[in-house]
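Structure first, then comments.
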Amino acid sequence: MGSTFARIWPWLARLAMAAALVVAGVLKARNPPLFALDIEAYRLIPAAGAIPLAYYLPFLEILAGCALFLPPLRRGALLVASALLLIFTAMLALAWARGLVINCGCFGSASAGASSFALSIARNMVLLGLGIALARRADGSA
Amino acid sequence: MKQALRQAAVLLALALVPAAIAWWRVPPAKFLATAPTESAEASDAVTLAEAERWSPAPLWIDARTQAEFESGHKPGAVLLNEDTWDALLPGFLAAWRGQRIVVYCSSSCAASRRIAVRLRMAGAGEVNVFSGGWEGWLAAHPGEVEK
Chain A
4 MGSTFARIWP WLARLAMAAA LVVAGVLKAR NPPLFALDIE AYRLIPAAGA
54 IPLAYYLPFL EILAGCALFL PPLRRGALLV ASALLLIFTA MLALAWARGL
104 VINCGCFGSA SAGASSFALS IARNMVLLGL GIALARRADG SA
Chain B
18 MKQALRQAAV LLALALVPAA IAWWRVPPAK FLATAPTESA EASDAVTLAE
68 AERWSPAPLW IDARTQAEFE SGHKPGAVLL NEDTWDALLP GFLAAWRGQR
118 IVVYCSSSCA ASRRIAVRLR MAGAGEVNVF SGGWEGWLAA HPGEVEK
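Note that the protein sequences, when read in sequence, are chains A and B. With my numbering, letter number 46 in the first sequence gets 49, and the count goes up by one each step, no holes. With my numbering, letter number 75 in the second sequence gets 92, and the count goes up by one each step, no holes.
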């Protein structure tokens, strides 16, 4: 039983991270200008920077999510995915601390309501935890 | 770690390709770049006097919160904010007859510009922002408040 879990969990962890990244990426990639608005709403990046970022980030998320299953790129994908999650979480925490009422933009503007920062941060932390566990495991076996 | 960094660099570079294709296929709308902040100098800004001269009269959109709207708004204004965009959009569509739109929120908030951009993206045509906001309206028309 224990060994089955040991065999399966890395796969499940990768699947969870990949699913979140790919879904988030695809939803945002459908309308980059709208995503640019969501980025701009954080008031951390000027609009001139938010626009190129809105075109780039969704595809980076999709690529990193898919590459989590590609052995030649797996470790890089884990690094990119974890870095993205860390940055997103920091942005959410900052917005929360500054009392902004904004849509987090995490999964595009499909749900245009103001997001619950606590929930988004908690989700990111769980995914980040999975990423760190995967990275430690890879370091141990490599 | 070095290996992971190298792979990460490959991914960062690879992502540029679809991003460039997306940019080419759906270029960023001009108004996004020209509307970075809520400022009176922005091209879509309108003064109260200008907007009141327009004929037919514009549709006024209140981009503040529901609570603020309910405690008093410009007579005839329609509530439309980002928090509950999906729920409020039908109300806006019912009120809009294709006339010009003017969005306001509080004088210190940036929501009206964002609502204006969203409306333009949705194809609402000419959308302006009254940056004087709710306070500007009250100053010009004291007591003209609908609840």
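Idealized CB from N, CA, C, for every residue including glycine. Values in this document were obtained by computation on a predicted structure and should not be read as measured data.
In this structure, the CA atom of I11/A is about 15 Å from the CA atom of A21/A. By the Cβ test, the stretch 24-36 of chain A is in contact with the stretch 51-69 of chain A, since at least three Cβ pairs between them sit closer than 8 Å.
Assigned with DSSP and collapsed to three states, G111/A falls in strand. Under a 10 Å Cβ-count criterion, H158/B is classified as exposed, with fewer than 16 other Cβ atoms of the shown protein chains found around its own Cβ. About 6 Å separates the Cβ atoms of L96/B and L105/B, confirming a contact at the 8 Å cut-off. In this structure, E152/B keeps its C-beta atom at 8 Å or more from the C-beta atom of S129/B.
Not one beta carbon of chain A lies nearer than 8 Å to the beta carbon of E87/B. Assignment of V26/A by DSSP, reduced to helix, strand and coil, places it in the helix class. Residue burial annotation: D79/B is buried, with at least 16 other C-beta atoms found within 10 angstroms of its C-beta. Residues of chain B whose Cβ lies closer than 8 Å to the Cβ of V83/A are, in chain order, A25, L28, L29. For a cut-off of 8 Å, the C-beta gap from A67/A to A84/A is around 5 Å, short enough to register as a contact. Counting the other CB atoms within 10 Å of its CB gives R135/B a total of 16 or more, which places it among the buried residues. Residues of chain B with a Cβ closer than 7 Å to the Cβ of L76/A are, in chain order, Q24, V27, L28.
By the CB criterion at 8 Å, V120/B and V146/B fall inside the cutoff. Below the 7 Å Cβ cutoff, chain A contributes Y58 as neighbours of W40/B, in chain order.
Nearest C-alpha to E143/B among P75/B, E85/B, V27/B: P75/B. Inter-residue distance for L81/A and T101/B is about 35 Å (C-alpha atoms, whole angstroms). At a cut-off of 8 Å between beta carbons, A141/B makes no contact with chain A. Taking a cut-off of 8 Å on C-beta distances, the stretch 35-51 of chain A touches the stretch 96-110 of chain A, as three or more cross pairs fall below it.
In this structure, I132/B is the residue among A112/B, P44/B, I132/B, K164/B with its C-alpha nearest to the C-alpha of D61/B. The CB of N106/A comes closer than 9 Å to the CB of E99, D100, W102 in chain B, given here in chain order. In the three-state scheme derived from DSSP, where H, G and I count as helix and E and B as strand, Y121/B is classed as strand. At a Cβ-Cβ threshold of 8 Å, A39/B and P35/A count as neighbours.
Residue-level contact by beta carbon holds for V134/B and chain A, with a gap shorter than 8 Å. Leaving aside the five residues that flank P73/B on each side, the residues in its chain whose CB is nearer than 7 Å to its CB run, in chain order, Q116. Taken atom to atom, the span from the alpha-carbon of A19/A to that of R78/A is near 16 Å.
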